[in-house]
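Accompanying notes for the structure given below.
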Amino acid sequence: MPTSSPVLPLPFAASPIAPAPHHHLVLPYAAMQDASCQHVLQNLSLPHLDQLLQTLSPAQTDEGQQDHPIPPHERAVAAAWGLNPLQPAWAALAQGITDTACAWFTPCHWTAGPDQVRMDDPAALQLDMDDAQALHALLQPWFAEDGLTLEIVHPHLWCVSGTALAQLQTASVDRVLLRDVTPWMPSAQTARSLHRLHSEVQMLLYTDRFNEHRAERGLQPINAFWLHGAGLLDPAALAHAHQCQSHMQVQLWDDLRQTALRQDWPAWKQAWLAADAGPVAALVQHIAQGGKATLTLCGEHHARSFDTAPRSLRDKIKNIFSPQRFAGLHQAL
2 MPTSSPVLPL PFAASPIAPA PHHHLVLPYA AMQDASCQHV LQNLSLPHLD
52 QLLQTLSPAQ TDEGQQDHPI PPHERAVAAA WGLNPLQPAW AALAQGITDT
102 ACAWFTPCHW TAGPDQVRMD DPAALQLDMD DAQALHALLQ PWFAEDGLTL
152 EIVHPHLWCV SGTALAQLQT ASVDRVLLRD VTPWMPSAQT ARSLHRLHSE
202 VQMLLYTDRF NEHRAERGLQ PINAFWLHGA GLLDPAALAH AHQCQSHMQV
252 QLWDDLRQTA LRQDWPAWKQ AWLAADAGPV AALVQHIAQG GKATLTLCGE
302 HHARSFDTAP RSLRDKIKNI FSPQRFAGLH QAL
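What follows is the structure, given as structure tokens:
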């Protein structure tokens, strides 16, 4: 199993809850259908979460499809910030770019098997800034031929920009990590230049000495890349997103995401216990002090949201005799 997961591509989403009129806690991979995960859930005690659920009112339900390219936790954050949840322009938002389309670019290694091409964990590449700069110098001329510009934001997370990305539909890295990339690739009809770039980059990295130098240091070769978080924001959309951020502080508990993507269920359980004692307990206190709040529980495909909207008398009576608990909700995620 990999030791860590890719850099979180959501700008600011992993920051702690700070003073703001409205707190929104997003818990990704709160439950999964994996048998080992379900076994952990059977013996998982989350008292602060149960207390919170008995306080909040049911709000939105996000019924996602199994083949949706954007996972529900990203859709929840995008909706909170006024972005298109079906294709959030994470790169443009993070970089504050409005004059051209952008996407995140993640260098990676694909392992070809008899019936699939799997993306290995990009974090396992141990890509440092020196390697990233050498790789950038190698790839930029090829991308420039298609009017695309590469910029290193983090060794594992670059920004690519250009008009060719405006209509590109991309899938989150979470969808392809340790899985077959083929079903998540844009179709050749709508992204012919991207498919050509993938082929050219694979051939270039196969023949160039860049990977030989990495092999000499015992490092895995880089033979591919993944584009995600693509989109175009106009100035009004960017300003609206910033306004939403000023009124609603969104926190995404990334420890749940990282451990679930690695399928490290003992660590996932510990991440849940830490979430319950940390941000969930803080949200309980925030509400007790009269603050507004939203809680979004996400699985791989679906999400359920709850907020501090007043409950009807019927719902109050129902909650007395049948209190809302996580044990009755996780199957719906």
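Quick note on my numbering: the sequence shown kicks off at 2 and runs consecutively.
The beta carbon of each residue, even a glycine, is placed where N, CA and C say it ideally should be.
For the pair H157 and A124, the CB atoms are nearer than the 9 Å cut-off. Here DSSP, grouped into helix, strand and coil, assigns L298 to strand. Nearest Cα to L233 within the set W111, T112, A95 and L53: A95. Assigned with DSSP and collapsed to three states, G148 falls in coil, not helix or strand. It is roughly 15 Å from the alpha-carbon of F211 to the alpha-carbon of E201. Boundaries of the beta strand (DSSP E) around M120: V118 to M120.
Counted as a single uninterrupted DSSP element, the beta strand (DSSP E) harbouring Q61 occupies residues S58 to E64. Here T107 carries a strand assignment [DSSP, helix/strand/coil]. Contact between W111 and G230 is absent: CB atoms are separated by about 19 Å, not below the 8 Å threshold. The DSSP assignment places 58-64 as complete runs of the beta strand (DSSP E) inside the stretch 29-97, in order along the chain (cut-off: 3 residues). Across the structure, R218 and H137 are spaced so that their CA atoms are roughly 19 Å apart.
Residue environment analysis places Q250 among the buried positions, since at least 16 neighbouring C-beta atoms fall within 10 angstroms of its C-beta. With a cut-off of 8 Å on Cβ pairs, the stretch 36-56 is not in contact with the stretch 181-194, counting fewer than three such pairs. The continuous beta strand (DSSP E) containing V251 extends over residues M249 to L253. Taking a cut-off of 8 Å for Cβ pairs, the stretch 73-82 and the stretch 300-310 touch, as three or more such pairs fall below it. Here A102 carries a coil assignment [DSSP, helix/strand/coil]. Of the candidates T99, H69, H155 and G114, H69 places its Cα closest to the Cα of T171.
In this structure the stretch 280-300 lies against the stretch 24-33, because at least three pairs of beta carbons, one per stretch, are closer than 8 Å.
Separation of E146 and Q134 (C-alpha to C-alpha, rounded to the nearest whole angstrom) is 19 Å. Counting only runs of 3+ residues, the beta strand (DSSP E) found wholly inside the stretch 218-249 occupies 225-232, in chain order. In summary, H331 is buried, with 16 or more beta-carbon neighbours lying within 10 Å of its beta-carbon over all protein chains present. Between M120 and V78, the C-beta spacing is not below 9 Å.
One alpha carbon belongs to Q325, the other to A310, and they sit about 16 Å apart. Where S162 is concerned, the enclosing beta strand (DSSP E) starts and stops at L158 to S162. Around the beta carbon of T164, a 10 Å sphere encloses fewer than 16 other beta carbons of the protein chains shown; the residue is thus reported as exposed. In summary, N44 is exposed, with fewer than 16 beta-carbon neighbours lying within 10 Å of its beta-carbon over all protein chains present.
Per the coordinates, the alpha-carbon of L179 lies some 36 Å from the alpha-carbon of S247. Counting of Cβ neighbours within 10 angstroms places M33 among the buried residues, the total reaching 16 or more. Cβ contact annotation for H24 (same chain, cutoff 7 Å, sequence separation greater than five): I18, Q250, L284, H287, G292 and A294, in chain order.
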